[in-house]
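As given, the protein sequences belong to chains A and Y, one line each in that order.
Heads up: the first sequence is residues 1 to 299, going by the working numbering.
Heads up: the second sequence is residues 1 to 278, going by the working numbering.
Written below as structure tokens is the structure these notes are about.
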Amino acid sequence: MKRKDVMKRNRKKEWIAGCFFILPSLVLLFVLVFYPLFLTFRYTLYDISLTSTRYLGWATYQRLFAHRMLPLIFRNSLVWTIVVVVFQFLLGLSSALLLNRSFPGRGLARGLVILPWVMPGVIAGMVWRLIYDPQLGLLNHYLRQLGIIAQPFTWLSHPKTALYAVIFSAIWKGFPFSTLMYLAGLQIVPQELYEAAEIDGAGGWMKFTNVTLPSMRPIITTTLLLTFIWTFNYFELVYVMTGGGPAEKSHIFPTYVYDLAFKRFRFGLASQFAVLDFLFLLVFSLLYIRTSFRREKSL
Amino acid sequence: MKRKIVGYYFITYLLLAILLIFVLFPFAVMLSMSLKAPDEQFTSPPYLIPHRPNLENYFHVFGQGSMFARYFMNSLLVASGATFIVLGVAIFSSYGYARLLFPGRGFFLALILLSQLFPLAAIIVPLYRIMGATKLIDSYISLIIGYLTFSVPVGVWFLRGFFLSIPQELEEAAMIDGCSRFQAFIRIVVPLVRPGIGATAAYLFFITWQEFMFALTFITSESKRTLPVGIFDFVGQYETNWGNLMAASVLICIPVFVLFLFLQQQLVGGLTQGAVKG
Chain A
1 MKRKDVMKRN
11 RKKEWIAGCF
21 FILPSLVLLF
31 VLVFYPLFLT
41 FRYTLYDISL
51 TSTRYLGWAT
61 YQRLFAHRML
71 PLIFRNSLVW
81 TIVVVVFQFL
91 LGLSSALLLN
101 RSFPGRGLAR
111 GLVILPWVMP
121 GVIAGMVWRL
131 IYDPQLGLLN
141 HYLRQLGIIA
151 QPFTWLSHPK
161 TALYAVIFSA
171 IWKGFPFSTL
181 MYLAGLQIVP
191 QELYEAAEID
201 GAGGWMKFTN
211 VTLPSMRPII
221 TTTLLLTFIW
231 TFNYFELVYV
241 MTGGGPAEKS
251 HIFPTYVYDL
261 AFKRFRFGLA
271 SQFAVLDFLF
281 LLVFSLLYIR
291 TSFRREKSL
Chain Y
1 MKRKIVGYYF
11 ITYLLLAILL
21 IFVLFPFAVM
31 LSMSLKAPDE
41 QFTSPPYLIP
51 HRPNLENYFH
61 VFGQGSMFAR
71 YFMNSLLVAS
81 GATFIVLGVA
91 IFSSYGYARL
101 LFPGRGFFLA
111 LILLSQLFPL
121 AAIIVPLYRI
131 MGATKLIDSY
141 ISLIIGYLTF
151 SVPVGVWFLR
161 GFFLSIPQEL
171 EEAAMIDGCS
181 RFQAFIRIVV
191 PLVRPGIGAT
201 AAYLFFITWQ
211 EFMFALTFIT
221 SESKRTLPVG
231 IFDFVGQYET
241 NWGNLMAASV
251 LICIPVFVLF
261 LFLQQQLVGG
271 LTQGAVKG
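Here it is, written out as structure tokens:
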């Protein structure tokens, strides 16, 4: 009774306090994120170079959709994101299941598996460049010893393999995050369900598909969305390993935006590609959240 | 029964070995190259274990004419500067988001999430032009400001989770005993959430320490460069000094690895709690 009174009296104060507490972060967010984002949207209507600014209006979007690089960038971005996300999911889930078993040295193993995710992106890019190097790289050497290839192959400068070579590194770099999430998820699967399934005579695989996966559904949903967004916008690996090359064949949205802006100083066009990236992710995330939410409700 | 246990361990360690070879191979490559003398670096075919491991590359990275120590200090300054500012701001706001009821709370929370949706490349152009117009380009301040754009939302989100994990009854009891909301926050809540603050600080330091795109764009003079851009000093137009580059890479990794080693528990908690709680 008394507690309720105090809380009621405080409600108005709460209001003011709330504004006071969140104001600094809101100001920063609006000045540093949403205002620049608004500017980016506005830049899309202009042709901006270092020296001149020319208003073009909505016609710029016609030029954007007819841009010769747009289909390639879009396809690369989708391939890059989907392959990376799917493999990070598979590898993350299976390594989490492995690291969830009990064995001596488990703590150490868990610590070691996180390391790729902790390694700074630029350094990961350089190390993988060294591994793929046709002369100095160990990958070609091992593949030749195994008899898979006869001659050293230039993985990063061949238009057919460049993007996939970076994809492989990106899977390596990012999968430990999924491992961490799924390991945490495995801890909250109710043990009674396993016991009940055992009584019903379920084997390992049955328990996995009927108990583990359904219990982990919310965490899998969240992790897939997070890794999708991060991978779609991941700049460093592609930029460091191929620079979008050879002949611009391995560009994805963020690297192409950066190239347009700071190598060719075409700020207007860069902003258009950036806005497309943002809108695609926004629509994708909204649809994803809606469908996964609905499915959860119907269960 | 005994055979079953042996089989269990055999399979577990076999799978673990495969996983760890995949995970650690690039680290082995990095370490190996950093310990090779120049004549060993360019042998054909290449090999993983150096025949005569030595620390020459490491001495060279710190040696005469090398800017590495300077880059290291620059990175330290920018990353810790950004971390402190974000912490100062985020401690208050994340508490506000976690506890206080005010109109528009859900909306503002959604804005924070929304800010994670666009690539940094989408706002770097306007920020670059603003920095140019205000003559801030090529200064530590410009980098710190750039880093706030992505670290403020992350910091708020992380800390909010830690605040939510503290029972509300503690503050309410303090307020019934006559504390104001602010006093309860400072005296009761902040001390309780200290491990969470440490983990958030470590994560913020981690993401700003390795930031590459802003550092590449906003800094033009060599003396203000940070490490992720600075290591490209070893990448020449025609050939790359792999030995020095990998030695520098090892040195750049050490601070973040140490941070993770000490704060692993809390960090994993901070990263996963939002998702686990749904």
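Glycine residues also receive a C-beta, built at the ideal position from the N, C-alpha and C atoms.
8 Å Cβ shell around residue i - same chain, five flanking residues per side excluded
{"i": "F257(Y)", "result": "none"}
{"i": "V61(Y)", "result": "F68, N244, A247, A248 and L251"}
{"i": "V152(Y)", "result": "V86, V89 and A90"}
Neighbourhood of residue i by C-beta, 6 Å cutoff - its chain only, sequence neighbours within 5 removed
{"i": "L136(Y)", "result": "S142"}
{"i": "T83(Y)", "result": "A201, L204 and F205"}
Endpoints, the beta strand (DSSP E) within which residue i is located
{"i": "D47(A)", "result": "Y46 to I48"}
{"i": "Y55(A)", "result": "T53 to Y55"}
Neighbourhood of residue i by C-beta distance below 7 Å, restricted to the same chain and skipping five residues each side
{"i": "S94(Y)", "result": "V156, L159, R160 and F163"}
{"i": "G185(A)", "result": "M216 and I219"}
{"i": "A98(Y)", "result": "R160, F163 and L164"}
{"i": "Y46(A)", "result": "T53, R54, Y55, L56 and G268"}
{"i": "Q41(Y)", "result": "M33, W242 and G243"}
{"i": "E56(Y)", "result": "A37"}
{"i": "N210(A)", "result": "A197 and A202"}
{"i": "L225(A)", "result": "S285 and Y288"}
Beta carbon proximity, residue i to chain A, threshold 8 Å
{"i": "R225(Y)", "result": "no"}
{"i": "S81(Y)", "result": "The sequence shown places Gly at residue 81(Y), rather than the Ser named in the question. Chain A contact via Cβ: absent."}
{"i": "P119(Y)", "result": "yes"}
{"i": "Q183(Y)", "result": "no"}
{"i": "S44(Y)", "result": "yes"}
{"i": "I141(Y)", "result": "no"}
{"i": "G96(Y)", "result": "yes"}
{"i": "C253(Y)", "result": "yes"}
{"i": "V256(Y)", "result": "yes"}
{"i": "L77(Y)", "result": "no"}
{"i": "F260(Y)", "result": "yes"}
{"i": "Y9(Y)", "result": "yes"}
is_contact[residue i, chain Y] using C-beta, thresh 8 Å
{"i": "P36(A)", "result": "yes"}
{"i": "F228(A)", "result": "no"}
{"i": "E198(A)", "result": "no"}
{"i": "S292(A)", "result": "no"}
{"i": "W15(A)", "result": "yes"}
{"i": "R75(A)", "result": "no"}
{"i": "G92(A)", "result": "no"}
{"i": "P214(A)", "result": "no"}
{"i": "N210(A)", "result": "no"}
{"i": "V86(A)", "result": "no"}
{"i": "G245(A)", "result": "no"}
{"i": "W58(A)", "result": "no"}
{"i": "E236(A)", "result": "yes"}
{"i": "L130(A)", "result": "yes"}
{"i": "I123(A)", "result": "yes"}
Cβ separation of residue i and residue j, assumed to be a contact under 8 Å, to the nearest whole Å
{"i": "F108(Y)", "j": "L23(A)", "result": "11 Å between Cβ atoms; not a contact."}
{"i": "L99(A)", "j": "V113(A)", "result": "7 Å"}
{"i": "G106(Y)", "j": "G18(A)", "result": "No, G106(Y) and G18(A) are not in contact; Cβ-Cβ is about 12 Å, not under 8 Å."}
{"i": "T226(Y)", "j": "S66(Y)", "result": "Contact doesn't hold; Cβ gap of about 15 Å is too wide."}
{"i": "T40(A)", "j": "I130(Y)", "result": "In fact, because the Cβ distance is near 12 Å, the residues do not count as touching under 8 Å."}
{"i": "S77(A)", "j": "L117(Y)", "result": "Not confirmed; about 14 Å, so no contact."}
{"i": "W128(A)", "j": "S169(A)", "result": "4 Å"}
{"i": "V257(A)", "j": "A121(Y)", "result": "4 Å"}
{"i": "I171(A)", "j": "F87(A)", "result": "5 Å"}
For residue i, the first and last residue of its enclosing alpha helix (DSSP H)
{"i": "V211(A)", "result": "It is not in any alpha helix (DSSP H) - V211(A) carries neither H nor E in the DSSP assignment."}
{"i": "G92(A)", "result": "L70 to N100"}
{"i": "Y194(A)", "result": "Q191 to I199"}
{"i": "P171(Y)", "result": "Residue identity differs from the one stated: residue 171(Y) is Glu in this sequence, not Pro. From DSSP, the alpha helix (DSSP H) with E171(Y) extends over E169 to I176."}
{"i": "L107(A)", "result": "The amino acid occupying residue 107(A) in the given sequence is Gly; Leu does not appear at that position. R106 to V118 is the span of the alpha helix (DSSP H), which, as asked, contains G107(A)."}
{"i": "N140(A)", "result": "L138 to Q145"}
{"i": "P246(A)", "result": "From DSSP, P246(A) is part of no alpha helix (DSSP H); its letter is neither H nor E."}
{"i": "L260(A)", "result": "F253 to F262"}
{"i": "D39(Y)", "result": "P38 to Q41"}
{"i": "Q135(A)", "result": "Counting along the chain, Q135(A) falls outside any alpha helix (DSSP H), and DSSP gives it neither H nor E."}
{"i": "P26(Y)", "result": "K2 to S34"}
{"i": "K173(A)", "result": "A162 to Q187"}
{"i": "S142(Y)", "result": "Y140 to L164"}
Pair every Cβ in the region 241 to 254 of chain A with every Cβ in the region 151 to 166 of chain A, then say whether three or more of these pairs are closer than 8 Å.
-> Contact between the region 241 to 254 of chain A and the region 151 to 166 of chain A is established, with three or more Cβ pairs separated by less than 8 Å.
Is it true that the region 164 to 175 of chain Y meets the region 232 to 246 of chain Y, where meeting means three or more beta-carbon pairs spaced less than 8 Å apart?
-> Inter-segment contact for the region 164 to 175 of chain Y and the region 232 to 246 of chain Y is absent: fewer than three beta-carbon pairs are separated by less than 8 Å.
The region 47 to 63 of chain Y in contact with the region 25 to 32 of chain Y per 3-pair CB rule at 8 Å = Touching, yes.
Stretch pair the region 73 to 83 of chain Y + the region 144 to 154 of chain Y: three plus CB contacts closer than 8 Å | Contact between the region 73 to 83 of chain Y and the region 144 to 154 of chain Y is present, because at least three Cβ pairs lie under 8 Å.
Please determine if the region 87 to 104 of chain A and the region 187 to 197 of chain Y are in contact, where contact requires at least 3 C-beta pairs separated by less than 8 Å.
-> Counting Cβ pairs under 8 Å, fewer than three are found: no touch.
Check whether the region 140 to 157 of chain A touches the region 218 to 237 of chain A, taking contact to mean three or more Cβ pairs, one atom from each stretch, closer than 8 Å.
-> No, they do not touch.
Below 8 Å, can you find three or more Cβ-Cβ pairs linking the region 62 to 79 of chain A to the region 268 to 278 of chain A?
-> By the criterion of at least three beta-carbon pairs nearer than 8 Å, the region 62 to 79 of chain A is in contact with the region 268 to 278 of chain A.
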